[in-house]
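Just add 52 to the spot in the sequence shown (first one is 1) and you have my numbering.
Glycine included, every Cβ here is placed at the ideal spot set by N, Cα and C.
To start, the structure under review is shown below, and the notes come after it.
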Amino acid sequence: MYKIITFSLVFCLAASLTIQAQKEHAVDLHVSIADAIPISFAQLVGSASYESKSGYIIGVGYHLKNGRNSFLTGLDFGHYSYNSSWIDGYGMEQHSTEPIIVSLLTVPLNYSRELRYRFNFGLGPFLGIELNPVRDGFDLQTGVGFNLFLQKRFRLGEKFELGITPELKLHSIIPTTWERYHRKMLEANLRISLHKVL
Numbered sequence: 053m054y055k056i057i058t059f060s061l062v063f064c065l066a067a068s069l070t071i072q073a074q075k076e077h078a079v080d081l082h083v084s085i086a087d088a089i090p091i092s093f094a095q096l097v098g099s100a101s102y103e104s105k106s107g108y109i110i111g112v113g114y115h116l117k118n119g120r121n122s123f124l125t126g127l128d129f130g131h132y133s134y135n136s137s138w139i140d141g142y143g144m145e146q147h148s149t150e151p152i153i154v155s156l157l158t159v160p161l162n163y164s165r166e167l168r169y170r171f172n173f174g175l176g177p178f179l180g181i182e183l184n185p186v187r188d189g190f191d192l193q194t195g196v197g198f199n200l201f202l203q204k205r206f207r208l209g210e211k212f213e214l215g216i217t218p219e220l221k222l223h224s225i226i227p228t229t230w231e232r233y234h235r236k237m238l239e240a241n242l243r244i245s246l247h248k249v250l
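This is the structure in structure tokens:
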């Protein structure tokens with residue numbers, strides 16, 4: 053955990069030094085609908101399978117902009133729900149009676165580049181902290197992940213903008229708990245955000 057925090061602080065410092073001539077600050081409120089599935093980079097025979105039921109994200113963001121370059125951070129809360137199924141010792145398929153819930157706080161540390169026609173492309177790491185880590189059958193998602201996104205902005209007057217953003221996230225690429233076949237959440241979401249230039 054110490055290495056993750058150190059990495060995050062170094063990344064923030066480097067980004068803030070890169071954008072020294074700060075021309076614009078902005079904050080945003082956003083909400084996303086999300087779909088996420090657990091994946092493993094090794095094929096697991098006989099393990100449980102998971103079906104996404106629902107997911108959403110709410111959060112706040114901060115933007116530090118210099119010309120066409122921006123540093124983005126903030127705080128997001130994500131809630132994900134899954135049904136699980138597995139084959140028991142008798143070869144019968146069993147299903148979970150209650151959904152598995154994953155709740156995450158994430159702090160993005162992203163770089164964004166403004167393209168033509170008010171499009172922005174961004175990517176970077178994020179720190180994820182799971183709020184309900186005690187649970188059977190689903191690997192802990194606390195750790196460093198990576199995301200990329202493409203955002204379209206629409207002006208709503210002089211100080212406000214509306215953003216529509218499809219985004220991909222891979223959680224827990226660098227997990228805090230090392231397991232041999234760690235399943236990581238691969239997430240796709242669509243975010244709607246309201247931005248205010250300060």
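Leaving aside the five residues before and after residue 237 along the sequence, list all residues of the same chain whose C-beta is less than 6 Å from its C-beta, in chain order. 88, 90, 193 and 223
Within 10 angstroms of the Cβ of residue 250, are there 16 or more other Cβ atoms? Answer buried if so, exposed if not. exposed
If we ignore side chains and look at the alpha-carbon of each, how far apart do residue 71 and residue 135 end up? A caution first: residue 71 carries a pLDDT of 46, below 50, which makes its placement in the model unreliable, though a value can still be read off. Approximately 44 Å between the Cα atoms of the pair.
Residue 71, DSSP secondary structure in three states: Because residue 71 carries a pLDDT of 46, less than 50, the predicted location of this residue cannot be relied on, and no value is offered for it.
Is residue 259 buried or exposed, if buried means 16 or more other CB atoms sit within 10 Å of its CB? An answer regarding residue 259 cannot be provided, because it is not within the stretch 53 to 250 covered by the chain.
What's the gap between the Cα of residue 115 and the Cα of residue 102? 35 Å
Cutoff 6 Å; reference residue 208; Cβ partners in own chain excluding five residues on either side: 214
Out of curiosity, what's the CA-to-CA distance linking residue 133 and residue 244? 21 Å
Which one of 165, 182, 119 and 169 has the shortest CA to CA distance from residue 128? 182
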